[in-house]
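Below is one structure; the comments refer to it alone.
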Amino acid sequence: MKLSGTTVVLTGASSGIGAEAARKLARLGATVCLLARREDEHERVRADIE
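Counted from 1, the sequence shown has number 699 at position 46 by the numbering used here; the numbering is strictly sequential.
Here it is in structure tokens:
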């Protein structure tokens, strides 16, 4: 599945299923908008994706 050209808004993206979903969606080509309560964990996931 290719998701290039799509944008995904993902809540709970700082850990667990949300973080893994963000990584997978980014690998598939989606632009991922991460929403999370914990800024430090949010930044870690963002760095992984970039």
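Glycine included, every Cβ here is placed at the ideal spot set by N, Cα and C.
These numbers come from a predicted model, not from an experiment.
Proximity of residue i and residue j at Cβ, strictly below 9 Å
i           : j             : result
leucine 656 : leucine 678   : yes
glycine 671 : threonine 664 : yes
Nonlocal neighbours in the same chain, by C-beta distance under 7 Å from residue i, ignoring five residues either side
i            : result
arginine 699 : Leu687
alanine 674  : Leu663
Contact set for residue i: own chain, Cβ-Cβ below 8 Å, skip 5 residues either direction
i             : result
arginine 676  : Val698, Asp701, Ile702
glutamate 694 : Ser667, Ser668, Ala672
Cβ shell of residue i (< 6 Å), same chain only, five flanking positions each side left out
i          : result
valine 662 : Cys686
Inter-residue Cα distance where the pair is residue i and residue j
i             : j              : result
glutamate 692 : methionine 654 : 30 Å
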